[in-house]
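Undergrad: Just so we're aligned, residue 254 is where the sequence shown starts under the working numbering, counting upward by one. Ideal Cβ positions, reconstructed from N, Cα and C, are used throughout, including at glycine. Attaching a single structure in structure tokens format; questions to follow.
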Amino acid sequence: MITYGQKKLNFSVPKKNYCYYIEPKKVNQKENDEFYVKKAFYKPIGALSLNKILRSGMKVLLIVDDLTRPTPKKRLIPLVIKELAKLGIKKQDITILIALGTHRYMTHSEIIKTFGAETLESVKIFNHEWADPENLVDLGRTSNNINIIVNKKMIETDFSIGIGSIVPHSEAGWSGGGKIVQPGICGWETTAATHLMAAKDPKYLDIAGTVNNKVRSEIEFIAKKAGLNYIINFILGTNGQIYKVVGGDPILAHRCGVKYAKEIYEVQIKDLADIVVVSAYPADLDYWQGDKPVTYSLRGIKQGGTLILVGRFPEGISSSHSILEKYGHLMYKELMELSSNNKIKDEVGLAALLIHAHHKRKVSIICVSPGLTIQQKEKFGFIHAETVQNAINMALDIQGNKCKVGVIDYGGDLLPVCL
């Protein structure tokens, strides 16, 4: 049984073929939400507590993750605003900037659903304008010659707080920390550069779950240069309950949070499987998100195996990057040739295509998704299946009667670790 949106899908695997079933560790929230928000404010890691920093009249920018991330913003952001008010920060001096990266804008109704009508009425909320030069500012370059272009609200505020959650991440190792700035509120050029840095790494598939990687270093340099002052990162269970919270320095607090996140989202397996069934949830809005569960699940499958990707993908492949559908059938070398000839302008999309090419080097993929047409699946090199059971039967025919089958639930955030 695996998660599929808000429901579960049942299927069967022959007992002789069973290898493993994994899911994130179940956790229970021990205190109320307010307890965790106050802990992030007043018991920081590597920084002064916010009551020693903030004062009346200061303008505070809350950089908050978007609808593709699980942070329960409707519950938590009002408590953050309430705590800021206790420190003398007026509502008119608080701005929320939605860290879209290069995702599509959140609609008005989505903002109300995600943040709550009360929050929308009390403070200013903006979508990040990642493609509008008038809303961006150039802050120079990194040592790797990456142009640091960020939302200009960063230089218009007195204090910035990044708010999000920590789960594994395919390009940065882990979400959270400085990722709220890059790619969260950067221009597309900056985001393209860090994503391509990851996608062109021959060991790309090994990045998830690490903190000492070159992409993370770039992200944290960019976040510091942009002026990220403080983070509040929640470590959540799959039910939205808070397991831990860390607040404080964007690097030191983040590292502490990663230790907690590992306890939930890294799960050990004894053997690699020939076939893996993976639920894309919660990274199942579109296939732009869905490449994460593919990346993570490759840690639990043999070279030449068959991966069964199960996801809703109601917004198709990507509403922001049409290039994926156009070139999704190409292999790594072909994509690099097009790029070198300046035939691919969307470099963020190019990074996603290169990542998809990494996947195809290791496994074949059967896709069970009503959100992708059969034609789209074929363009991406996927094998179409109507149901999970059909996909398993197809995979068994491909891999043979003696093959082993693994199942990964909540695959959008779960990282298998083979002993």
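Leaving out five residues before and five after Q494 in sequence, what residues of the same chain have Cβ atoms less than 7 Å from its Cβ?
TA: Closer than 7 Å at the Cβ level, and outside the excluded window around Q494, lie V280, N281, Q282.
Undergrad: Alpha carbon to alpha carbon, how far is D226 from T491?
TA: Not covered by the structure: residue 226. The range shown for the chain is 254 to 672.
Undergrad: Round the Cβ separation of E600 and A352 to the nearest angstrom and send it over; I've been treating them as touching at under 8 Å.
TA: E600 to A352, Cβ: 20 Å. No contact.
Undergrad: For E519, which residues does DSSP report across the bridge?
TA: L668.
Undergrad: What does the Cβ neighbour count give for K497, buried or exposed, with the cut at 16 atoms within 10 Å?
TA: Burial call: buried.
Undergrad: If we call anything under 8 Å between Cβ atoms a contact, is V468 one with L551?
TA: The answer is no: Cβ separation not under 8 Å.
Undergrad: From the DSSP output, read off the bridge partner residues of P421.
TA: Paired residue(s): W427.
Undergrad: Assuming V367 is part of the beta strand (DSSP E), what are its boundary residues?
TA: In the sequence as displayed, the identity of residue 367 is Thr instead of Val. Element bounds for T367: not the beta strand (DSSP E) but the alpha helix (DSSP H), 361-368.
Undergrad: Once DSSP output is grouped into helix, strand and coil, what is the label at R552?
TA: Looking at R552 - three-state DSSP - the assignment turns out to be helix.
Undergrad: List the whole-angstrom C-beta distance separating A605 from Y549, where the pair is believed to meet the contact cut-off of C-beta under 8 Å.
TA: Not a contact, Cβ separation roughly 16 Å.
Undergrad: If we ignore side chains and look at the alpha-carbon of each, how far apart do I402 and L392 end up?
TA: If you take the alpha carbons of I402 and L392, they lie about 6 Å apart.
Undergrad: Taking 6 Å as the limit between beta carbons, can you name the residues of its chain near C620, skipping five residues before and five after?
TA: Same-chain partners within the cutoff: L562, K630, F635.
Undergrad: Express the C-alpha separation of W427 and P421 in angstroms, rounding to a whole number.
TA: Taking the straight line from one Cα to the other gives about 4 Å.
Undergrad: Give me the DSSP bridge partner(s) of T559.
TA: Beta-bridge pairing links T559 to I528, S617.
Undergrad: Pairs of beta-carbons, one from the stretch 516-525 and one from the stretch 298-310, closer than 8 Å: are there three or more?
TA: With a cut-off of 8 Å, the stretch 298-310 and the stretch 516-525 do not count as touching, because too few Cβ pairs lie within range.
Undergrad: List the whole-angstrom C-beta distance separating K405 from L389, where the pair is believed to meet the contact cut-off of C-beta under 8 Å.
TA: Confirmed, about 6 Å.
Undergrad: When we look at the beta-carbon of C656 and count the other beta-carbons within 10 Å, is it buried (16 or more) or exposed?
TA: With 16 or more other Cβ atoms within 10 Å, it is buried.
Undergrad: Measure the Cβ-Cβ separation of G233 and H609 and say whether it is below 8 Å.
TA: This structure leaves residue 233 out entirely; the chain is present only between 254 and 672.
Undergrad: Where in the stretch 269-330 do unbroken runs of the beta strand (DSSP E), each at least 3 residues long, occur, reported from the N-terminal end onward?
TA: The qualifying runs are 271-275, 313-318.
Undergrad: I need the straight-line Cα distance from S418 to K555, nearest angstrom please.
TA: Spanning the two alpha carbons is a distance of roughly 31 Å.
Undergrad: Hey, could you find the ends of the beta strand (DSSP E) K260 is sitting in?
TA: Its beta strand (DSSP E) spans residues 260-262.
Undergrad: Thinking just about the alpha-carbon of each residue, which of L314, A451, D544 is nearest to the one in E409?
TA: Among L314, A451, D544, the Cα nearest to that of E409 is on L314.
Undergrad: Rounding to the nearest angstrom, what Cα-Cα distance links N486 and R357 in this structure?
TA: Distance between the alpha carbons of N486 and R357 is about 23 Å.
Undergrad: By Cβ distance below 6 Å, which residues in the same chain neighbour S572 in space, the five residues on each side in sequence not counted?
TA: The residues are R357.
Undergrad: Would you check if the distance between the CB atom of L232 and the CB atom of A452 is smaller than 8 Å?
TA: Lying outside 254 to 672, the shown extent of the chain, residue 232 is not represented and no answer is given.
Undergrad: Would you tell me roughly how many angstroms separate the C-alpha atoms of E590 and G602, rounded to the nearest one?
TA: Taking the straight line from one Cα to the other gives about 15 Å.
Undergrad: Tell me the rounded alpha-carbon separation between R322 and P267.
TA: So the two alpha carbons sit approximately 35 Å from each other.
Undergrad: Which value, in whole angstroms, describes the spacing of the CA atoms of T395 and P623?
TA: Computed Cα separation, rounded: 42 Å.
Undergrad: Between K327, P386, D454, which lies nearest to L373 when the distance is taken from Cα to Cα?
TA: The shortest C-alpha separation from L373 is found at K327.
Undergrad: Determine which residues share a DSSP beta bridge with T348 and list them.
TA: Partner(s): L314, K377.
Undergrad: So L588 is in the alpha helix (DSSP H); what residue range does that whole segment cover?
TA: Counting along the chain, the alpha helix (DSSP H) containing L588 begins and ends at 585-593.
Undergrad: If you measure between the beta carbons of I504 and I316, is that distance less than 8 Å?
TA: The answer is no: Cβ separation not under 8 Å.
Undergrad: Let's test the definition: count the other Cβ atoms within 10 Å of the Cβ of V670 and tell me whether it reaches 16, buried, or not, exposed.
TA: Classification for V670: exposed.
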